[in-house]
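> The structure's right below; bear with me while I get my questions together.
In my numbering, the protein residues as written are 29 to 464.
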């Protein structure tokens with residue numbers, strides 16, 4: 029570590045004295061107790077919890093207050109806490125905090141060789157900047173650490189790496205945009221070293237390609253797919269996850285069933301469940317006889333068949349009001365849904381159906397009705413053409429079922445996994461429809 033890199037405890041780490049010579053560092057994911065601390069080591073941890081210091085400054089302070097042995101032990105404590113993701117690293121130069129590397133998971137061990145002045149670096153194609161509260165952050169689904177960029181210079185530095193550049197070229201770019209006193213070369217080099225250690229930038233070859241551009245596995249990933257994959261599950265980030273109810277007390281939960289918007293409805297046939305139970309084929313037979321057909325029959329599907337299909341797959345069997353264990357209204361339906369949220373709405377585009385006029389309809393699962401929705405003939409024709417093309421069918425489908433998500437039903441309860449959950453709900457409903 030050099031003079032520009034400041035070590036400090038992460039903001040989420042609590043430092044508690046648990047004895048005259050002991051301190052406990054704790055986050056929601058990790059906890060470590062340090063014992064037999066000398067006065068100098070104890071003071072050093074207080075500095076790390078406050079403004080932070082350089083690695084050399086910490087070592088010198090402990091060595092001066094105590095001795096060389098204490099300084100060596102302090103270094104071991106730092107490495108241990110580093111591996112637990114309790115430390116963060118900042119580049120500060122000319123009163124500017126350029127970037128801070130913040131580990132997001134235990135196991136991110138910060139180790140970095142200084143970037144050579146002639147090394148050409150480039151931003152990973154998976155890296156992206158966004159606003160988090162009042163700060164710009166840089167992160168990547170390939171990295172388990174993020175960089176905060178509290179100063180405009182840090183953002184300009186990252187922006188300059190869209191093309192391969194050396195440390196000197198990056199500094200020249202900053203000078204061109206920010207003036208001659210922007211930064212000196214050592215600070216730029218330190219900042220690039222941190223970003224490279226976090227996997228946010230990489231070394232570019234003579235053609236400007238990074239190692240990720242030659243990796244067959246990574247080449248086949250698109251940015252948005254990998255970002256979704258990494259951020260919608262645990263293991264690679266520290267963002268709130270699961271049923272945290274982030275908007276409870278701020279926004280009322282959406283009703284369990286979307287209200288009707290039209291009085292033009294079609295009553296649907298409801299089959300006899302007792303008869304179905306006696307006459308339906310066994311489940312194994314349904315699976316074994318399953319096949320795909322892309323040729324539509326000559327006779328149109330009937331309103332009775334459509335009514336039986338929707339009744340067996342998607343009707344509301346019952347509504348459960350909110351209670352102490354679940355602060356939102358829920359329903360029971362033939363298919364399962366994450367948290368009983370049932371965010372999916374069913375729309376039916378009718379092309380040919382005996383008993384129902386062509387048009388766009390919304391399924392009302394409580395009433396078991398089709399609610400007519402206004403839509404232009406051109407828009408409906410385009411929907412049917414797109415469905416025919418996607419299915420490689422010989423003609424437009426007689427009926428097109430479109431699923432839409434009332435996403436607020438999920439995002440009101442879940443963090444990080446809401447979009448992943450709606451996709452899983454789609455899969456469950458489609459499988460239920462397919463087997464029926």
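Backbone N, C-alpha and C fix where the C-beta goes; we use that ideal spot for every residue, glycine too.
What does the Cβ neighbour count give for residue 351, buried or exposed, with the cut at 16 atoms within 10 Å?
Against the chain shown, residue 351 aligns to sequence position 323. Flag for residue 351 reads exposed.
> Less than 7 Å between C-beta atoms, sequence neighbours within five positions excluded: which residues of the same chain meet that for residue 190?
The residue labelled residue 190 in the question sits at position 162 within the chain shown. Cβ neighbours of residue 190 beyond the five flanking positions: 151.
> Which residues share a DSSP beta bridge with residue 34?
Translated into the one-based positions of the chain shown, residue 34 becomes position 6. Note: residue 34 is bridge-paired with 118 in the DSSP secondary-structure output.
> Would a C-beta distance cut-off of 8 Å place residue 129 and residue 117 closer than the cut-off?
In the chain shown, residue 129 corresponds to position 101, counting from 1. In the chain shown, residue 117 corresponds to position 89, counting from 1. Result yes, Cβ atoms of residue 129 and residue 117 sit closer than 8 Å.
> Give the single residue among 296, 308 and 326 whose Cα lies nearest to the Cα of residue 334.
Here the question's residue 334 lines up with position 306 in the chain shown. Minimum Cα distance to residue 334 is reached at 296.
> Sort out for me which residues DSSP pairs residue 24 with in a bridge.
Any question about residue 24 goes unanswered here, given that the chain covers just 29 to 464.
> Check the C-beta distance from residue 81 over to residue 90 and give it rounded, since I have them as a contact under 8 Å.
Position 53 of the chain shown holds residue 81. Position 62 of the chain shown holds residue 90. So it is not a contact: roughly 11 Å between Cβ atoms.
> Taking a contact to mean a Cβ-Cβ separation below 8 Å, would you say residue 269 touches residue 262 in this structure?
Mapped onto the chain shown, residue 269 falls at position 241. Mapped onto the chain shown, residue 262 falls at position 234. Their beta carbons are under 8 Å apart, which means residue 269 touches residue 262 by this criterion.
> Report the three-state DSSP secondary structure of residue 235 (helix, strand or coil).
Within the chain shown, numbered from 1, the residue matching residue 235 stands at position 207. Residue 235 carries a coil assignment under DSSP once its states are collapsed to helix, strand and coil.
> Which runs of the beta strand (DSSP E) at least 3 residues long sit entirely within the stretch 216-288? Give them in chain order.
229-231
> Would you report the Cα separation of residue 73 and residue 48, rounded to the nearest angstrom?
Numbered from 1 along the chain shown, position 45 holds the residue referred to as residue 73. Numbered from 1 along the chain shown, position 20 holds the residue referred to as residue 48. In a straight line, the C-alpha of residue 73 is about 14 Å away from that of residue 48.
> With which residues is residue 158 paired in a DSSP beta bridge?
Reading the chain shown from its first residue, position 130 is the one you call residue 158. In DSSP, residue 158 forms a bridge with 165.
> Does the beta-carbon of residue 22 have 16 or more other beta-carbons within 10 angstroms, so that it is buried, or is it exposed?
Outside the displayed range of the chain (29 to 464) lies residue 22, so it cannot be described from this structure.
> Specify the secondary structure class of residue 212 as computed by DSSP and reduced to three states.
Sequence index remark: in the chain shown, residue 212 carries index 184 (1-based). Collapsing the DSSP output to three states places residue 212 in coil.
> On the three-state DSSP scale, how would you describe residue 105?
Here the question's residue 105 lines up with position 77 in the chain shown. If DSSP states are grouped into helix, strand and coil, residue 105 belongs with the helices.
> Between the Cα of residue 50 and the Cα atoms of 96, 39, 64 and 403, which residue gives the shortest distance?
Position 22 of the chain shown, counting from 1, holds the residue named residue 50. Of the listed residues, the one whose Cα sits closest to residue 50 is 64.
> In the DSSP assignment, what residue or residues form a beta bridge with residue 391?
The residue labelled residue 391 in the question sits at position 363 within the chain shown. Its beta-bridge partners are 398.
> Check the C-beta distance from residue 228 over to residue 155 and give it rounded, since I have them as a contact under 8 Å.
As a first step, residue 228 must be located in the chain shown, where it is residue number 200. As a first step, residue 155 must be located in the chain shown, where it is residue number 127. Rounded, the Cβ-Cβ distance is 5 Å, consistent with contact.
> Could you tell me whether the stretch 216-236 touches the stretch 119-126, where touching means 3 or more Cβ pairs closer than 8 Å?
yes
> Distance, Cα to Cα, residue 87 vs residue 45?
Reading the chain shown from its first residue, position 59 is the one you call residue 87. Reading the chain shown from its first residue, position 17 is the one you call residue 45. A direct Cα-Cα distance of roughly 21 Å separates residue 87 from residue 45.
> Does DSSP put residue 195 in a helix, in a strand, or in coil?
Locating residue 195 in the chain shown gives position 167, where the first residue counts as 1. Here residue 195 sits in helix by DSSP.
> Quick one: residues in its chain with C-beta nearer than 8 Å to the C-beta of residue 293, no 5 flanking neighbours on either side, listed in chain order?
Locating residue 293 in the chain shown gives position 265, counting from the first residue. Only 392, 395, 397, 398, 399 and 400 meet the Cβ criterion.
> Would DSSP call residue 384 helix, strand or coil?
Here residue 384 refers to the residue found at position 356 when the chain shown is read from its first residue. Residue 384 falls in the coil class under three-state DSSP.
> Which first and last residues belong to the beta strand (DSSP E) in which residue 427 is found?
One-based indexing of the chain shown puts residue 427 at position 399. Its beta strand (DSSP E) spans residues 427-433.
> On a CA-only basis, which of 170, 169, 145 and 176 is nearest residue 160? Give me that one, please.
As a first step, residue 160 must be located in the chain shown, where it is residue number 132. The option with the nearest alpha carbon to residue 160 is 176.
> Residues in its own chain within less than 6 Å of residue 170 by CB, not counting five upstream and five downstream?
Walking along the chain shown from the start, residue 170 turns up at place 142. In its chain, beyond the 5 residues on either side, 154 and 227 have a beta carbon closer than 6 Å to the beta carbon of residue 170.
> Given a cut-off of 8 Å on the beta-carbon distance, is the pair residue 149 and residue 181 in contact?
What you label residue 149 is simply residue 121 of the chain shown in a count that begins at 1. What you label residue 181 is simply residue 153 of the chain shown in a count that begins at 1. Not closer than 8 Å, so no.
> Give me the Cα-Cα distance between residue 313 and residue 336, rounded to the nearest whole angstrom.
The residue given as residue 313 occupies position 285 in the chain shown. The residue given as residue 336 occupies position 308 in the chain shown. So the two alpha carbons sit approximately 20 Å from each other.
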